[in-house]
């Protein structure tokens, strides 16, 4: 995160809540906001992107949709408009930027901030899970360890690595043509 004692860049924004600056790539963002369907035009569901300060979790900007005024754009949230006059808004909500807020930690429409300890905990947990999956995929397996190869195939499926998954399942079938988990895995791979 940005050290508040370091000079900020020309495009860095300031959080009106804590007064610290940050670039958008450090912000927390959520594309969908639970409960926003009640405030959105018909057909938009919970689509209401929001950008939060990485230092205190306060809402800095949110997507503004108004079909009558033909408006579909970012707007500053509350006092952030004054604190960030002439500063750029976050990138397009359909592009990848910032840190995604885990689904179970998203703020609802009426909330002005994130539960940062929970968000950070969930992101760290996700990172550890990813690391475990990578270690499992790299682990050496005996050629006749059909269960191990099949498990690895399903790990590849989970990561959308279809070619690697198919190779693992086919390897299992070379060892034993009637190995049901490998057939099931191939079925899923071809379905996806």
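Residue numbers (UniProt numbering): 1 to 192. Every residue, glycine too, gets a C-beta built ideally from N, C-alpha and C. Computed from a prediction, not measured in an experiment: that's the story for all the values here.
List the DSSP bridge partners of residue i.
i: residue 13; result: 22
i: residue 113; result: 58
i: residue 73; result: 64
Between which two residues does the alpha helix (DSSP H) holding residue i run?
i: residue 182; result: 180-191
Counting along the chain, where does the beta strand (DSSP E) carrying residue i start and finish?
i: residue 152; result: Taken as a continuous stretch (DSSP letters only), residue 152 belongs to no beta strand (DSSP E), being part of the alpha helix (DSSP H) at 146-158.
i: residue 49; result: 47-52
Any idea what DSSP makes of residue i, helix, strand or coil?
i: residue 80; result: helix
i: residue 166; result: helix
i: residue 106; result: coil
i: residue 68; result: coil
i: residue 140; result: coil
i: residue 100; result: strand
i: residue 30; result: strand
i: residue 176; result: coil
i: residue 125; result: helix
i: residue 134; result: helix
I believe residue i touches residue j by the beta-carbon criterion, under 8 angstroms. Please report the beta-carbon distance rounded to the nearest angstrom.
i: residue 51; j: residue 19; result: Residue 51 to residue 19, Cβ: 17 angstroms. No contact.
i: residue 93; j: residue 49; result: 4 angstroms
i: residue 180; j: residue 169; result: Actually they are not in contact, since the Cβ atoms of residue 180 and residue 169 sit about 11 angstroms apart, beyond 8 angstroms.
i: residue 100; j: residue 29; result: 6 angstroms
i: residue 123; j: residue 102; result: 7 angstroms
Measuring CB atoms only, is the stretch 138-152 touching the stretch 68-81, in the sense that at least three cross pairs come out at less than 8 angstroms?
no
Taking contact to mean at least 3 C-beta pairs separated by less than 8 angstroms, is the stretch 145-159 in contact with the stretch 180-189?
yes
Should the stretch 47-63 be regarded as contacting the stretch 73-82, the criterion being three or more beta carbon pairs within less than 8 angstroms?
yes
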